[in-house]
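Asks:
Number of protein chains: 6
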Amino acid sequence: MATLPALSDAEADERARAVFDDIRRKRNTDFVNNFWRVLGNDPPLLEAVWGRLQEVMGPGALDPLVKEMIYVAVSVANGCDYCIHSHTAAARAKGMTPAQHGELLSVIAMASQTNALAAALGVEVDERFRA
Amino acid sequence: MATLPALSDAEADERARAVFDDIRRKRNTDFVNNFWRVLGNDPPLLEAVWGRLQEVMGPGALDPLVKEMIYVAVSVANGCDYCIHSHTAAARAKGMTPAQHGELLSVIAMASQTNALAAALGVEVDERFRA
Amino acid sequence: MATLPALSDAEADERARAVFDDIRRKRNTDFVNNFWRVLGNDPPLLEAVWGRLQEVMGPGALDPLVKEMIYVAVSVANGCDYCIHSHTAAARAKGMTPAQHGELLSVIAMASQTNALAAALGVEVDERFRA
Amino acid sequence: MATLPALSDAEADERARAVFDDIRRKRNTDFVNNFWRVLGNDPPLLEAVWGRLQEVMGPGALDPLVKEMIYVAVSVANGCDYCIHSHTAAARAKGMTPAQHGELLSVIAMASQTNALAAALGVEVDERFRA
Amino acid sequence: MATLPALSDAEADERARAVFDDIRRKRNTDFVNNFWRVLGNDPPLLEAVWGRLQEVMGPGALDPLVKEMIYVAVSVANGCDYCIHSHTAAARAKGMTPAQHGELLSVIAMASQTNALAAALGVEVDERFRA
Amino acid sequence: MATLPALSDAEADERARAVFDDIRRKRNTDFVNNFWRVLGNDPPLLEAVWGRLQEVMGPGALDPLVKEMIYVAVSVANGCDYCIHSHTAAARAKGMTPAQHGELLSVIAMASQTNALAAALGVEVDERFRA
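Chains as they are written, first to last, in my numbering: chain X, 1 to 131; chain H, 132 to 262; chain Z, 263 to 393; chain Y, 394 to 524; chain C, 525 to 655; chain P, 656 to 786.
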């Protein structure tokens, strides 16, 4: 368990349960993952996060799979184990191949090491990189 | 300036200058950015990082532009100002549109907030997200 | 288990046990949580950390509950699962209501996303924000 | 400058300018800080962030000053220089005294060191801290 | 389990198994730890990381034990539980005493708190610290 | 400038000036760097941090130069530009050679990338790495 319990449908209040229903409907599944069930303890926050997530992660100028891989990258750098697992699964569900996963990992590892080197060296931003 | 100086071609030793030349050739430009010029103080590290970067960032299962956006995402989460500027510029040079940039920012912001929430709530990873 | 064992009172040396006793006395409980029991492997560090914690977290210009919430906020941003759990529990013991917890989570999530955006955009600090 | 320019009112499009106007009105000032002016390059993101910020930071179960201090705490842990400066200024504008600022800094420093120690020791979360 | 399975020798392909064999040979042990077994799902990445690790961690201007302690320090600051455990074990195998471990922890804790304070205060880098 | 001003000796109160004097005496220099001058706005915190720093960084089971390199490593991972500069300078003052600096950078870069990979893969800690 966590700092707050993951609520079953029966334990959730009406507003939270409405979001759980919307998650099942939009994702065409009967599965609601723990993140939402724990967030269900605070229905206004649950609604705000779920609402914004749909706006951000849907199709647009970037492919939904690309968005999931960016999500994984941020989650790795922030060390969020839950988010790494859930968004890696989401990326696979959207078609990420093992080769793409391998390249995602390689870019994340590369960026992590040059981030550290640029910080350690205190490199000044080149004029031409500024807007 | 930084913790080590950015070396001009004249200041760099032969091994470092050979990498600077390779950067200019591969990128088809006469510009060598500060990261490499500072790293030039340690030629073996410069060679290792430049060599690996080329393997990782070239075409493959993921589009080079997608790789640059993943690089930006990691750099933002790690708070590396230099890397954010240089890889945002690289992404633009590879065709990133303002709309794509806006969606990249939105996904990064979204992931950052759910990373924090999942951590704050201590959410347990769902069984089905494990390999 | 961890990188060092959590010491029972019998396993701890005299200096560590004296701190465990002080923790019980000051907190008016017979419970000593794992953080202190693991830190008990290094009595001078245990004494330094416990001593400083009391100076910092006691009443002063800020309410003790407010201090616990600030502690949780830092721990979330640093991704420290242990600290998130222990200081969320401490905040509840000091009277944090579910509504206050919900607002704490919302502020943490909001800050996390604008931290990421300000970094991604490389926003310059406004003159009037400088001391 | 940054990865995108800070837009003057004249440079911003109509949607961005409407947000700038709303910021001035709600804050009762003629000053719009750089964060919003840079975010003005992406009006939908600007609207989403500004809208959510007002919901989160207004009065509620927590005092607005407490919220600003939590915001500072997260921003410090994430190393966001811009956010540290802007929210420290906001906390002062809401009445934060030097003594409160000092205690805020002390709690942040304390949490940062015990976060590191708990991580370094791999301390297991005590059963009683779980929901 | 993880986002990818830890491969036994039988499950690994030829390239991955060759790296496992090299790990056993170089470390003079029959034990291959999980990091490599999970990385074995992507043989090119496994080879690149293992190859680079040997170049970096071997004897040179710094003692191998000192390198392991630096590795632990970075891993703590990044909150990488796996790396903290594996490199603390490696440091012990290379002779780290309890007193050295205690001082390592103390320095990490000290740096973590002054890192936070310097960020919170936005301290300007002194001219004489620049290269 | 920063979120608080760097105080000259004339601007500092008696308690802060006593710490500045102690810094000059212990370090045998007439230079007091900005970190302490800004912290001088909160004399009790200044005393606590300076006092603890001396206990932690002096000779002991680890060499003072090794401690400085560990300090740099943590500061890089936390992205603290001020601390990177000041402790890199301190390490040089204690004899760090360019070759040692290069290896320090290489270990930090290596750890940063395997930290990210271990997180991305969600690798389980091996039983034998636990205390």
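The C-beta atom is built at its ideal place from N, Cα and C for all residues, glycine as well.
(1) Where does Pro326 of chain Z sit, in a helix, a strand or coil, going by DSSP?
(2) Going by beta-carbon coordinates alone, are Ala131 of chain X and Ala395 of chain Y separated by less than 8 Å?
(3) What are the uninterrupted segments assigned as alpha helix (DSSP H) that are 4 or more residues long and contained completely in the segment 538-586 of chain C, given in chain order?
(4) When you check each C-beta in the segment 747-760 of chain P against every C-beta of chain X, which residues fall closer than 7 Å?
(5) For chain C, check one thing: does any of its Cβ atoms lie closer than 8 Å to the Cβ of Cys345 of chain Z?
(6) From H:Gly182, H:Thr245, H:Ala224, pick the residue whose C-alpha is nearest to that of Arg128 of chain X; which is it?
(7) Out of curiosity, what's the CA-to-CA distance linking Asn557 of chain C and Asp781 of chain P?
(8) With 16 other CB atoms within 10 Å as the buried threshold, where does Glu404 of chain Y fall?
(9) Name the residues in the segment 710-739 of chain P whose C-beta lies less than 8 Å from a C-beta of chain X; which are they?
(10) Ordered along the chain, which non-local residues of its own chain (more than five positions away) have a Cβ less than 6 Å from that of Ala466 of chain Y?
(11) Looking at chain P, is there any beta carbon in it that lies within less than 8 Å of the beta carbon of Asp144 of chain H?
(12) Could you pull out every residue in the same chain whose Cβ sits closer than 7 Å to the Cβ of Asp668 of chain P, ignoring the five residues on either side in sequence?
(13) Residues in the same chain with beta-carbon distance under 8 Å from Trp691 of chain P, minus the five sequence neighbours each way, listed in chain order, please.
(14) Alpha carbon to alpha carbon, how far is Ser75 of chain X from Gly253 of chain H?
(15) Taking only the alpha-carbon atoms, compute the straight-line gap between Glu627 of chain C and His611 of chain C and give it to the nearest angstrom.
(16) Quick one: which chain P residues come within Cβ less than 7 Å of Asp173 of chain H?
(17) Note down the Cα distance separating Pro457 of chain Y from Val693 of chain P, rounded to an integer number of angstroms.
(18) Against Ile154 of chain H, what residues of chain Z qualify as contacts under a CB-to-CB distance less than 9 Å, listed in chain order?
(19) Starting from Leu307 of chain Z, find everything on chain C with Cβ-Cβ shorter than 7 Å and list it in chain order.
(20) Please list the partners that Thr638 of chain C has in chain Z, where partner means a Cβ-to-Cβ separation under 8 Å.
(21) How many angstroms separate the CA atom of Asp343 of chain Z from the CA atom of Ala716 of chain P?
(22) Would you verify that the beta carbon of Asn688 of chain P is, or is not, closer than 8 Å to some beta carbon of chain C?
(23) Taking all protein chains shown into account, do 16 or more other C-beta atoms lie within 10 angstroms of the C-beta of Thr638 of chain C, making it buried, or fewer, making it exposed?
(24) In whole angstroms, what is the alpha-carbon distance linking Tyr333 of chain Z and Asp554 of chain C?
(25) So what's Cys345 of chain Z in DSSP terms, helix, strand or just coil?
(26) Contact check, Ala671 of chain P vs Ala77 of chain X under 8 Å by CB: the rounded distance?
(27) Is the CB of Ala744 of chain P under 8 Å away from at least one CB in chain X?
(28) Name the chain P residues whose beta carbon is nearer than 9 Å to that of Ala310 of chain Z?
(29) CB Ala287 of chain Z to CB Ala703 of chain P, shorter than 8 Å?
(30) Ser479 of chain Y: beta carbon under 7 Å from a heavy atom of the ligand HEM?
(31) Classify Glu461 of chain Y as buried or exposed, calling it buried when 16 or more other Cβ atoms lie within 10 Å of its own Cβ.
(32) Closer than 8 Å, CB to CB, is Ser741 of chain P near chain B or not?
(33) Give the secondary structure of Asn508 of chain Y by DSSP, where H, G and I count as helix, E and B as strand, and everything else as coil.
Replies: Let me spell this out:
(1) What you label residue 326 of chain Z is simply residue 64 of the third sequence in a count that begins at 1. If DSSP states are grouped into helix, strand and coil, Pro326 of chain Z belongs with the helices.
(2) As a working note, residue 131 of chain X is residue 131 in the first sequence. As a working note, residue 395 of chain Y is residue 2 in the fourth sequence. In contact: Ala131 of chain X and Ala395 of chain Y (Cβ atoms closer than 8 Å).
(3) 538-551, 558-563, 567-581
(4) Leu760
(5) The residue you call residue 345 of chain Z lines up with position 83 of the third sequence. No, because no Cβ of chain C sits closer than 8 Å to the Cβ of Cys345 of chain Z.
(6) Sequence index remark: in the first sequence, residue 128 of chain X carries index 128 (1-based). For the residues H:Gly182, H:Thr245, H:Ala224, the minimum Cα distance to Arg128 of chain X belongs to H:Ala224.
(7) Numbered from 1 along the fifth sequence, position 33 holds the residue referred to as residue 557 of chain C. Numbered from 1 along the sixth sequence, position 126 holds the residue referred to as residue 781 of chain P. The straight-line gap from Cα to Cα measures roughly 7 Å.
(8) Locating residue 404 of chain Y in the fourth sequence gives position 11, where the first residue counts as 1. Exposure of Glu404 of chain Y is indicated by the presence of fewer than 16 other C-beta atoms within 10 angstroms of its C-beta.
(9) Val727, Val731, Ala732, Gly734, Asp736, Ile739
(10) Along the fourth sequence, one-based indexing puts residue 466 of chain Y at 73. Cβ neighbours of Ala466 of chain Y beyond the five flanking positions: Ile501.
(11) Position 13 of the second sequence holds residue 144 of chain H. No, Asp144 of chain H does not count as interfacial toward chain P.
(12) Reading the sixth sequence from its first residue, position 13 is the one you call residue 668 of chain P. Same-chain partners within the cutoff: Pro698.
(13) Residue 691 of chain P sits at position 36 when you count from the first residue of the sixth sequence. Excluding sequence neighbours, Trp691 of chain P sits near Val674, Phe675, Ile678, Leu701, Trp705.
(14) Reading the first sequence from its first residue, position 75 is the one you call residue 75 of chain X. Reading the second sequence from its first residue, position 122 is the one you call residue 253 of chain H. So the two alpha carbons sit approximately 14 Å from each other.
(15) For the purposes of this step, residue 627 of chain C is identified with residue 103 of the fifth sequence, where counting begins at 1. For the purposes of this step, residue 611 of chain C is identified with residue 87 of the fifth sequence, where counting begins at 1. Spanning the two alpha carbons is a distance of roughly 16 Å.
(16) Locating residue 173 of chain H in the second sequence gives position 42, where the first residue counts as 1. The answer, in chain order, is Gly757, Leu760.
(17) As a position in the fourth sequence, residue 457 of chain Y is number 64, starting the count at 1. As a position in the sixth sequence, residue 693 of chain P is number 38, starting the count at 1. So the two alpha carbons sit approximately 27 Å from each other.
(18) Residue numbering aside, residue 154 of chain H sits at position 23 when the second sequence is read from its first letter. What Ile154 of chain H touches in chain Z: nothing, since even the nearest Cβ is about 23 Å away.
(19) Looking up residue 307 of chain Z in the third sequence gives position 45. The answer, in chain order, is Gly626, Leu629, Ser630.
(20) Residue mapping note: residue 638 of chain C aligns to position 114 of the fifth sequence, counting from 1. Correct list: empty, because the minimum Cβ distance to chain Z is about 14 Å.
(21) One-based indexing of the third sequence puts residue 343 of chain Z at position 81. One-based indexing of the sixth sequence puts residue 716 of chain P at position 61. Cα to Cα, the separation comes out at about 30 Å.
(22) Counting from 1 along the sixth sequence, the entry for residue 688 of chain P is found at position 33. Asn688 of chain P counts as touching chain C.
(23) The residue labelled residue 638 of chain C in the question sits at position 114 within the fifth sequence. Around the beta carbon of Thr638 of chain C, 16 or more other beta carbons sit within 10 angstroms, so the residue counts as buried.
(24) Along the third sequence, read from residue 1 onward, the residue named residue 333 of chain Z stands at position 71. Along the fifth sequence, read from residue 1 onward, the residue named residue 554 of chain C stands at position 30. The alpha-carbon atoms of Tyr333 of chain Z and Asp554 of chain C are separated by roughly 44 Å.
(25) For this step, residue 345 of chain Z is matched to residue 83 along the third sequence. Cys345 of chain Z falls in the helix class under three-state DSSP.
(26) Here residue 671 of chain P refers to the residue found at position 16 of the sixth sequence. Here residue 77 of chain X refers to the residue found at position 77 of the first sequence. With 8 Å as the limit, Ala671 of chain P and Ala77 of chain X do not qualify as a contact, their Cβ atoms being about 38 Å apart.
(27) As a first step, residue 744 of chain P is located in the sixth sequence; it is residue number 89 there, counting from the start. With 8 Å as the cut-off, Ala744 of chain P does not count as an interface residue toward chain X.
(28) Along the third sequence, read from residue 1 onward, the residue named residue 310 of chain Z stands at position 48. By Cβ distance, chain P contributes Arg707, Glu710, Val711.
(29) The residue labelled residue 287 of chain Z in the question sits at position 25 within the third sequence. The residue labelled residue 703 of chain P in the question sits at position 48 within the sixth sequence. Rather than Ala, the amino acid found at residue 287 of chain Z in this sequence is Arg. Not in contact: Arg287 of chain Z and Ala703 of chain P (Cβ atoms no closer than 8 Å).
(30) The ligand content of the structure shown is nil, which means the ligand HEM is not present either.
(31) Counted from its first residue, the fourth sequence places residue 461 of chain Y at position 68. Classification of Glu461 of chain Y: buried, given that the 10 Å Cβ count is 16 or more.
(32) In the structure shown, chain B does not exist; the protein chains are X, H, Z, Y, C and P.
(33) Counting from 1 along the fourth sequence, the entry for residue 508 of chain Y is found at position 115. In the displayed model, Asn508 of chain Y falls within a helix according to three-state DSSP.
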